[in-house]
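Just below is one structure, and these are the notes that go with it.
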Amino acid sequence: MEPPSAWVQRWSHLVPERGVVLDVACGHGRHARWFYERNHPLALVDRAQEAIEFIATSLPARPAQAIETVVADIEEGPWPFAGRQFDAVVVTNYLWRPLMPALLASLAPGGVLIYETFTQGNETVGKPSRPDFLLQPGELLEVCQGLRVVAFEEGFHENPPRFIQRIAAVREAAATAGLPAPPRYLLP
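Residues in the sequence shown are numbered consecutively from 0, following numbering that gives the first Met the number 0.
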């Protein structure tokens, strides 16, 4: 199995202890495993039944730790978590712009969005290459305007060659929003 993204690993400490993590377009669960091993309950969604089944059978059973798995086409069907909020929303290597409002609405107060995907320029080195699947410069910053951005990067990675954009952003709890001294988000 592919290791978890270094970006996800780097910012996972922002997720509240035992906070529920929603892994969107989770694939075979590289990030699900990362958070599960750190005692986070999980909500996983992917359109591939075999990916969901693989995760469900590959993670060791822990009675006190919940794993909710959902097979859904989140591009053509309804958002399966409407009205629910999570302590973290994790998205990597996936972009469906119409889903962005639902992802942000799924963040609980104090919850963190950890997002990493391809950006313009990637068409020069590989796939994805369609503009629909490539972020525009600074697009994640625009999408996350209502959140406190803790970290943002945009650029080229050589191994494997790809252009990416990534963000870690927190929906501040009402008790901390607007205070003169901002909450401390530790930088690794």
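Beta carbons: idealized from backbone N, C-alpha and C, even for Gly. What you are looking at is a predicted structure, and each value in this text was computed from that prediction instead of being measured.
Same chain, Cβ closer than 8 Å to residue 140, neighbours up to 5 away in sequence not counted: The residue labelled residue 140 in the question sits at position 141 within the sequence shown. The residues are 148, 151 and 166.
Residue 41 vs residue 31 beta-carbon contact at 8 Å: Position 42 of the sequence shown holds residue 41. Position 32 of the sequence shown holds residue 31. Yes, the Cβ-Cβ distance between residue 41 and residue 31 is below 8 Å.
Three-way DSSP call (helix, strand, coil) for residue 130 in this model: Counting from 1 along the sequence shown, the entry for residue 130 is found at position 131. Helix.
Segments of 4+ residues assigned as alpha helix (DSSP H) that fall wholly inside the stretch 57-130: 99-104
For residue 113 and residue 89, believed in contact at Cβ under 8 Å, the rounded distance: For the purposes of this step, residue 89 is taken as residue 90 along the sequence shown, with counting starting at 1. For the purposes of this step, residue 113 is taken as residue 114 along the sequence shown, with counting starting at 1. Right, their Cβ atoms sit about 5 Å apart.
Cβ shell of residue 100 (< 6 Å), same chain only, five flanking positions each side left out: Position 101 of the sequence shown, counted from the start, is the residue given in the question as residue 100. Excluding positions up to five away in sequence, the list is empty.
Best match in 55, 48, 56 and 84 for proximity to residue 71 [C-alpha to C-alpha]: As a first step, residue 71 is located in the sequence shown; it is residue number 72 there, counting from the start. Comparing Cα positions, the closest option is 48.
Neighbourhood of residue 132 by C-beta, 7 Å cutoff - its chain only, sequence neighbours within 5 removed: If you number the sequence shown from 1, residue 132 lands on position 133. Closer than 7 Å at Cβ, skipping near neighbours: 94 and 117.
Selected residue, minimal CA-CA separation from residue 137, among 125, 39, 119 and 145: Reading the sequence shown from its first residue, position 138 is the one you call residue 137. Measuring from the Cα of residue 137, the nearest candidate turns out to be 119.
Continuous beta strand (DSSP E) assignments of at least 3 residues falling wholly in the stretch 7-50: 20-23 and 41-45
Burial state of residue 155 (16 or more Cβ within 10 Å): Mapped onto the sequence shown, residue 155 falls at position 156. Residue 155 should be labelled exposed.
Counted within 10 angstroms of its Cβ, other Cβ atoms place residue 52 as buried (16 or more) or exposed: Mapped onto the sequence shown, residue 52 falls at position 53. Exposed.
Among 172, 168 and 121, the one whose alpha carbon lies nearest that of residue 109: Sequence index remark: in the sequence shown, residue 109 carries index 110 (1-based). Residue 109 has its Cα closest to that of 172, out of 172, 168 and 121.
Cβ neighbours of residue 9 in the same chain (closer than 6 Å, five flanking residues each side left out): To locate residue 9, count along the sequence shown from 1; it is residue 10. Correct list, in chain order: 187.
Burial state of residue 75 (16 or more Cβ within 10 Å): Mapped onto the sequence shown, residue 75 falls at position 76. Its Cβ having fewer than 16 others within 10 Å, residue 75 is exposed.
Cα-Cα separation between residue 20 and residue 121, rounded to whole angstroms: Numbered from 1 along the sequence shown, position 21 holds the residue referred to as residue 20. Numbered from 1 along the sequence shown, position 122 holds the residue referred to as residue 121. Roughly 28 Å between the two C-alpha positions.
CB of residue 4 within 8 Å of CB of residue 91, strictly: Taking the sequence shown and counting its residues from 1, one reaches residue 4 at position 5. Taking the sequence shown and counting its residues from 1, one reaches residue 91 at position 92. Yes, Cβ-Cβ distance for residue 4 and residue 91 is below 8 Å.
Residues sharing a beta bridge with residue 148, DSSP: To locate residue 148, count along the sequence shown from 1; it is residue 149. Bridge partners of residue 148: 168.
Strand pairing of residue 161, partner residues [DSSP]: The residue given as residue 161 occupies position 162 in the sequence shown. Paired residues: 156.
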